[in-house]
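Visitor: Protein chains in written order, with my numbering: chain A, 398 to 607; chain B, 1097 to 1196.
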């Protein structure tokens, strides 16, 4: 269970004014590494990639400490650095532009498509996520999203930032954030539906509701 | 970001569905579901959507599954890195800073 008591919004601070760079970096690293590590794991397929992303993020942050003037939350600044590094990493690996998700492709054409259900079996989300299979399915569904949709969904629905904050991190207006978010959610819904999960593994009828 | 088309030419139909309304009404609702769930719409539009959901079993199931999807994303926890991983990453960063 996510630690909801952990403060998501540390006080603004001037990193430049903190004097010695290494000390300022250590403070920054200690205060934010857990958050950025969590974010990186949500964005990346493999743990090794997530660790590389954390390293790239804090390395870039170290080099940019002098430029950070405290006019944004430190966490927002780090999310922005991490997001850019992640999009760079993915582009380098895949070498192709993101696929656009059209709203059209998520409009059901039959009653069956309308009635796709998520196999939570009437449990609360926390209880349902005790299933390793469902946890893996959520992670895989998010990983299948094109980059620009995945980052929006992770920042908004998992890191729980506002649409405005996500827009500021990604250089988008709120309308564009909401549009991408809706498509991303519809994509994950379809992937997580009993049908979507069944397509990626042997049938497990017990998980499907009637 | 590409502008959302106002008319959905390929799948939209004005033919009445078996729930007594056209599928176009369902599509209109589906396009706004995230905004509806995020309470990002005016009171009157929310009321319109609530009425539709009450009368359309298909959309009611759809919105439930979308709500569950969002909840699963929100609750999917990630373990924190171990102290040794954090220490290793920090060492790598400081090494990279020294050598560049």
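C-beta: ideal position from N, C-alpha, C; glycine also. Quick caveat, the model's predicted, so the values are computed rather than measured.
1) Once you ignore the five residues that flank residue 1131 (chain B) on each side, which residues in its own chain have a CB closer than 6 Å to its CB?
2) Can you look up residue 1118 (chain B) in the DSSP assignment and give me helix, strand or coil?
3) Please list the segments of the alpha helix (DSSP H) lying wholly inside the stretch 429–512 of chain A, counting only runs of 4 or more residues, in order along the chain.
4) At a Cβ cut of 9 Å, what residues of the stretch 1171–1187 of chain B count as close to chain A, listed as they run along the chain?
5) Any Cβ of chain A within less than 8 Å of the Cβ of residue 1151 (chain B)?
6) I want to see whether chain B comes within less than 8 Å of residue 575 (chain A), judged by CB atoms only; does it?
7) At the 8 Å Cβ level, is residue 1169 (chain B) part of the contact set with chain A, yes or no?
8) How big is the Cα-Cα spacing for residue 581 (chain A) and residue 550 (chain A)?
9) Checking contacts by CB at 8 Å: is residue 1157 (chain B) closer than that to chain A?
10) How would you label residue 517 (chain A), buried or exposed, when you count the other beta carbons within 10 angstroms and need 16 or more for buried?
11) Which residues of chain B have a Cβ atom closer than 9 Å to the Cβ of residue 477 (chain A), listed in chain order?
12) Listed from N- to C-terminal order along the chain, which residues in the stretch 1121–1132 of chain B have their beta-carbon within a distance smaller than 9 Å of any beta-carbon of chain A?
13) Where residue 490 (chain A) and residue 1193 (chain B) are concerned, what is the direct C-alpha to C-alpha distance, given to the nearest angstrom?
14) Do you know offhand how far residue 1142 (chain B)'s Cα is from residue 1122 (chain B)'s?
15) Any beta carbon from chain B within less than 8 Å of residue 442 (chain A)'s own beta carbon?
16) So the alpha helix (DSSP H) residue 527 (chain A) belongs to, where does it begin and stop?
17) Alpha carbon to alpha carbon, how far is residue 482 (chain A) from residue 1125 (chain B)? Give it in angstroms, no decimals.
18) Can you name the start and end residues of the alpha helix (DSSP H) that residue 1068 (chain B) belongs to?
19) To the nearest angstrom, how far is the alpha carbon of residue 1118 (chain B) from that of residue 1152 (chain B)?
20) Have a look at residue 417 (chain A) and residue 527 (chain A) and give me their C-alpha separation to the nearest angstrom.
21) Looking at C-alpha atoms only, which residue of B:1184, B:1154, B:1133 and B:1129 is the closest neighbour of residue 506 (chain A)?
22) Return the CA-CA distance between residue 577 (chain A) and residue 545 (chain A), expressed in angstroms with no decimal places.
23) Cβ atoms of residue 1133 (chain B) and residue 1166 (chain B): under 8 Å apart, would you say?
24) Counting only beta-carbon atoms, is residue 485 (chain A) nearer than 8 Å to chain B?
25) Below 7 Å on C-beta distance, what does residue 554 (chain A) contact in chain B?
26) Rounded to whole angstroms, how far is the Cβ of residue 480 (chain A) from the Cβ of residue 567 (chain A), which I believe are closer than 8 Å?
27) Going along the chain, which residues of the stretch 508–523 of chain A sit with their C-beta nearer than 7 Å to a C-beta in chain B?
28) For residue 419 (chain A), does the count of other Cβ atoms within 10 angstroms reach 16, so buried, or fall short, so exposed?
Guide: Well, looking at it:
1) 1137
2) strand
3) 444–461, 471–491 and 508–511
4) 1171, 1172, 1173, 1174, 1175, 1176, 1177, 1181, 1182, 1184, 1185 and 1186
5) no
6) yes
7) yes
8) 6 Å
9) yes
10) buried
11) Those do not exist, as residue 477 (chain A) stays about 18 Å from chain B at its closest Cβ, beyond 9 Å.
12) 1122, 1123, 1126, 1127, 1128, 1129, 1130 and 1131
13) 25 Å
14) 14 Å
15) no
16) Note, residue 527 (chain A): premise wrong, no alpha helix (DSSP H); not H, not E.
17) 36 Å
18) The requested residue 1068 (chain B) is not part of the displayed model; chain B covers only 1097 to 1196.
19) 11 Å
20) 45 Å
21) B:1154
22) 8 Å
23) yes
24) no
25) 1166, 1169 and 1170
26) 6 Å
27) 508, 511, 512, 513, 514, 515, 517, 522 and 523
28) exposed
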